[in-house]
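Participant:
Protein chains: 2
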Amino acid sequence: MNQAPAPTSFPSRPLPEAHAIFIERMGDHMEMEGMPRIAGRLFGLMLVDQGPISFSELAERLNVSRGSISTNARLLESQGLILRVDVAGERQDFFRLADRPFVNMLHGITGHMRETMVTLEECCFDGTQSQGMTGIRATYDFFAEAVDNLEALAKRLAERNGGEIGR
Amino acid sequence: MNQAPAPTSFPSRPLPEAHAIFIERMGDHMEMEGMPRIAGRLFGLMLVDQGPISFSELAERLNVSRGSISTNARLLESQGLILRVDVAGERQDFFRLADRPFVNMLHGITGHMRETMVTLEECCFDGTQSQGMTGIRATYDFFAEAVDNLEALAKRLAERNGGEIGR
DNA sequence: TTCCGCGTTCAGTCTTGATTGAACGCTCCA
DNA sequence: TGGAGCGTTCAATCAAGACTGAACGCGGAA
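Listed in order, the protein sequences are those of chains P and U. 61 is the number that the UniProt record's numbering gives to position 61 of the first sequence; each next residue is one higher, with no gaps. 93 is the number that the UniProt record's numbering gives to position 93 of the second sequence; each next residue is one higher, with no gaps.
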């Protein structure tokens, strides 16, 4: 969205064309989802090269500032999509893809939905019995069912070893 | 997000407190989802008062300009969340809640995901067999499974008459 | 102790997009 | 035919927040 550095950026260590496209697509997608575009590109890069990749190499291959890597790597880390790891004899931080990034992603989504549900409870259960209450209850029930559904999907993915990406 | 007119706005025809809170919460939620805040508040209003409500009454009750109602009502209409209806002897447009707004909402979500999947196919199936391909395939498969899951949920909701909100 | 490499933070810049209000065109009624 | 009511559109305004680059603080090495 904001300040796209270049329509398509080619990293210093060239990637197969398909990989480069994939990375940009993940940037597009994450941006649509309300996250910084760089976070999406970073996640995309780690999906094609599961690392470990050093902090400064990330900045080079994505053509972004170190500040952006710092911010966005922390973001992905906090969501359980990537891991910060030590590499023997190296002072730099290294990152690799988390073990089940998509399972963790689903948990992040349902976590947010649960938070919204908590704020909705204030309206749902205020004691009064007005006409409009049925729509509010229906909304709450919809959230509840969606959360159940997504968590069931997460559970299924987690139990399947095919759900494991990365090492 | 942008330019919130007031922390909490109370419509000209006062609503029960819980309804007013609910409307703002839906504004918050839709905003988080990347939609205009007014669209969320409008959807929230129609969930508690399923109408038909006239165009100008919507503007009054939400304390926003007619231009905003025009834009956002069209948006919700395009997503199948509300319906524009005729009211006998009235020149104004009226709106009511769609019959299964949440089912339609799910279809909108899966529609977007399918579009993303199409763009991913370009990278997935380019013939080459590089190492990073497994991550790309895993991403694609995750999307496919999530779409199946959400569409199954939509189908279940649609088949249940409890899924019907509005008249 | 000094220097250098490294990650974080923050002020500054810039883009996006939400919202408004006015102008417009349409339709219906007098 | 004129005017009023109605919905849409568009330029202008404004806030949010993405990204950068520089400054900073913290080690470890010389």
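Built from N, CA and C at the ideal position, the CB exists for glycine as well.
1) Distance, Cα to Cα, G111/U vs A158/P?
2) According to the Cβ coordinates, are L76/U and I69/U closer than 8 angstroms?
3) For R95/P, which residues does DSSP report across the bridge?
4) So, is the C-beta of M30/U closer than 8 angstroms to a C-beta in chain P?
5) Run through DSSP, which three-state label would G34/U get?
6) When the Cα atoms are used, what is the spatial distance from S78/P to T71/P?
7) Pop quiz: G34/P and M30/U are said to be a contact at Cβ under 8 angstroms. What is the actual Cβ separation, rounded to whole angstroms?
8) What does the Cβ neighbour count give for A73/P, buried or exposed, with the cut at 16 atoms within 10 Å?
9) Given this structure, state the Cα-to-Cα distance separating V87/U from G44/U, to the nearest angstrom.
10) Would you say S130/P lies against chain U (beta-carbon separation less than 8 angstroms)?
11) Cutting at 6 angstroms between CB atoms, please list the residues of its own chain near S54/U, excluding the five before and the five after it.
12) Could you check where the alpha helix (DSSP H) with V147/U kicks off and where it finishes?
13) Between the segment 105–117 of chain P and chain U, which residues of the former have CB atoms less than 7 angstroms from a CB of the latter, in chain order?
14) Tell me the DSSP secondary structure of G40/P in three-state form.
15) Anything in chain U within Cβ reach of E142/P, meaning under 7 angstroms, just list it in chain order.
16) Between the Cα of F22/P and the Cα atoms of N63/U, E121/U, D148/U, R41/U, which residue gives the shortest distance?
17) Look at the Cβ atom of A154/U, then the Cβ atom of V103/U, and state whether they are nearer than 8 angstroms.
18) Could you spell out where the alpha helix (DSSP H) holding E77/P opens and where it closes?
19) Distance check for Q131/P and C124/P, CA to CA, integer angstroms please.
20) Would you mind telling me which residues of chain P sit closer than 7 angstroms to N149/U, beta carbon to beta carbon, in chain order?
21) DSSP three-state call for D28/U: helix, strand or coil?
22) What number of angstroms, rounded off, separates the C-alpha of G51/P from the C-alpha of R100/P?
23) Which bits of chain U does L47/P rub up against, with CB to CB less than 8 angstroms?
24) Can you pull the chain U neighbours of R160/P, defined as C-beta to C-beta under 8 angstroms?
25) Under a three-way DSSP split, which group does E122/P fall into?
26) Do you know whose CA, among F142/P, R41/P, V85/P, lies nearest L62/P's CA?
27) Any beta-carbon of chain U closer than 8 angstroms to the one on G89/P?
28) I want to verify the contact list: residues of chain P whose CB lies under 7 angstroms from the CB of E57/U, in sequence order.
29) With C-beta atoms as the reference, is M113/P less than 8 angstroms away from V147/P?
30) What residues of chain U sit near D126/P, judged by a beta carbon separation below 9 angstroms?
31) Once DSSP output is grouped into helix, strand and coil, what is the label at E90/P?
Facilitator: So, from the data block:
1) C-alpha of G111/U to C-alpha of A158/P: approximately 25 angstroms in a straight line.
2) In this structure, I69/U does not lie closer than 8 angstroms to L76/U by Cβ.
3) According to the sequence provided, residue 95/P is Phe. The question's Arg does not apply to it. Bridge partners of F95/P: I53/P, R84/P.
4) no
5) coil
6) 11 angstroms
7) Incorrect: roughly 11 angstroms between the Cβ atoms, too far for contact.
8) buried
9) 22 angstroms
10) yes
11) Q92, F94
12) 133–159
13) Within the segment 105–117 of chain P, the qualifying residues are T116.
14) helix
15) Note on identity: in this sequence residue 142/P is Phe, with Glu being the wrong assignment. The contacting residues are F102.
16) E121/U
17) Closer than 8 angstroms, so yes.
18) 66–78
19) 12 angstroms
20) N149, L153
21) helix
22) 15 angstroms
23) G132, G135, I136, A138, T139
24) Near R160/P there are no residues of chain U at all, since even the closest Cβ is about 10 angstroms away, more than 8 angstroms.
25) DSSP places E122/P in helix when its eight states are reduced to three.
26) R41/P
27) Proximity of G89/P to chain U, defined by a Cβ-Cβ separation below 8 angstroms, is not satisfied.
28) None at all; the shortest Cβ gap to chain P is about 15 angstroms.
29) yes
30) P16, E17, A18, I21
31) Looking at E90/P - three-state DSSP - the assignment turns out to be coil, as it is neither helix nor strand.
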